[in-house]
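Residue numbers (the working numbering): 84 to 394.
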């Protein structure tokens, strides 16, 4: 998430009531999660296990719960609770805007786009030309939808990220200030749910087609011309490259990359990055033919055991 204008380190420290290490006028341009940070961004870290990763990331401002040696060319914001203060910044720069109508006045809808009854379109949404939005679709604030996009009934674009921190009192939610961005020529089936990014974009590439009841987590990026069948669940921060085929009831864990041309057979559970143009099956998913050979070998075991018993 980029701020509307440049801020200084001192200004950000004032917003969250923190101390800082660095020049008071050190420039701050935005805030992002570790996997999407760029120069000028704030990233937060609250566990020693991840200090080095955050300090050595592309982010130049690190919101951290311990005063450590500051890398050259960077600045620190020292906080007793970086998670809480990251939420404060999200609330400050992307506050919730109440809807005043089913289709917000600030929404932009392109030529020849059809909006069926009972559709909700939030603040600052942009929808391109020649789209079809079917009944009971809900499009949260700031979503971007390209040309020639079809969204079937009951789909929700832009719900909050499923991202919680365990506290003694329960679960503390990380607020979502990102967007959903849909490229041109995409079709999204009925009752799909696509969560917005925490600070960045959840993105679906041109020509991709989703079946009904597909869940896509926050900050996931899906490439061009992918096919995703029903009841697939994709966690947050997944990267799916171009021309991937995912069959029904597949589950993909977070931070995995599905390489170009991968095919995931039905009910696969994917926990590791795949190889290009390779088919996978099973849970945990393995290369398809290897998995079939293993299954065939397992079926032979009772006969082998029976022969051994009678020797």
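C-beta: ideal position from N, C-alpha, C; glycine also.
What you are looking at is a predicted structure, and each value in this text was computed from that prediction instead of being measured.
Please determine, among 101, 174, 273 and 192, the residue with the shortest C-alpha to C-alpha distance to residue 86. 174
Assign residue 259 to one of two classes, buried (16 or more other C-beta atoms within 10 Å of its C-beta) or exposed (fewer than that). buried
Among 389, 95 and 358, nearest to residue 112 - alpha-carbon criterion: Cα-wise, what sits closest to residue 112 is 95.
For residue 188, the nearest candidate out of 143, 204, 168 and 197 (CA to CA): When C-alpha distances from residue 188 are compared across 143, 204, 168 and 197, the shortest belongs to 204.
Residue 167 - containing alpha helix (DSSP H), residue span: 165-176
Quick test of your reading: residue 217 and residue 236, contact by CB under 8 Å. State the CB separation rounded to the nearest angstrom. Correct: roughly 4 Å between the Cβ atoms.
Considering only residues of the same chain and omitting the five flanking positions on each side of residue 219, which have a CB-CB separation below 6 Å? 201, 236 and 237
Secondary structure, beta strand (DSSP E): runs of 3+ residues fully inside the region 244-294: 247-250, 253-256, 262-265, 276-278 and 284-287
Have a look at residue 128 and residue 120 and give me their C-alpha separation to the nearest angstrom. 13 Å
Please name the residue in 298, 320, 145 and 294 whose C-alpha comes closest to that of residue 109. 145
Residue 90 by DSSP, collapsed to three states: which one? strand
Return the first residue and the last residue of the alpha helix (DSSP H) that residue 383 is part of. 371-392
Buried/exposed call for residue 358, threshold 16 Cβ in 10 Å: exposed
In three-state terms, what does DSSP make of residue 85? strand
Considering Cα atoms alone, identify which of 328, 383 and 332 is closest to residue 70. What the structure shows of the chain is the stretch from 84 to 394, and residue 70 is not part of that stretch, so it cannot be assessed.
Every unbroken alpha helix (DSSP H) within the region 127-207, with a cutoff of 4 residues, ordered by chain: Here the runs fully enclosed are 134-138 and 165-176.
Could you spell out where the beta strand (DSSP E) holding residue 110 opens and where it closes? 110-114
Identity of the residue in 140, 331 and 287 nearest residue 301 by Cα: 287
CB-CB under 6 Å to residue 225, same chain, minus the five flanking residues each way: which ones, in chain order? 207 and 262
Within the continuous beta strand (DSSP E) that includes residue 104, where are the two ends? 102-104
Excluding the 5 residues preceding and the 5 following residue 292 in the sequence, name in chain order all residues of the same chain whose CB lies nearer than 6 Å to its CB. 270 and 310
Segment limits, beta strand (DSSP E) that includes residue 331: Per DSSP, residue 331 belongs to no beta strand (DSSP E) and is neither H nor E.
Assuming the contact rule is C-beta atoms closer than 8 Å, residue 294 and residue 318 should be a hit. Round their C-beta distance to whole Å, please. Not a contact, Cβ separation roughly 18 Å.
Residue 122 and residue 142 closer than 9 Å at C-beta: yes
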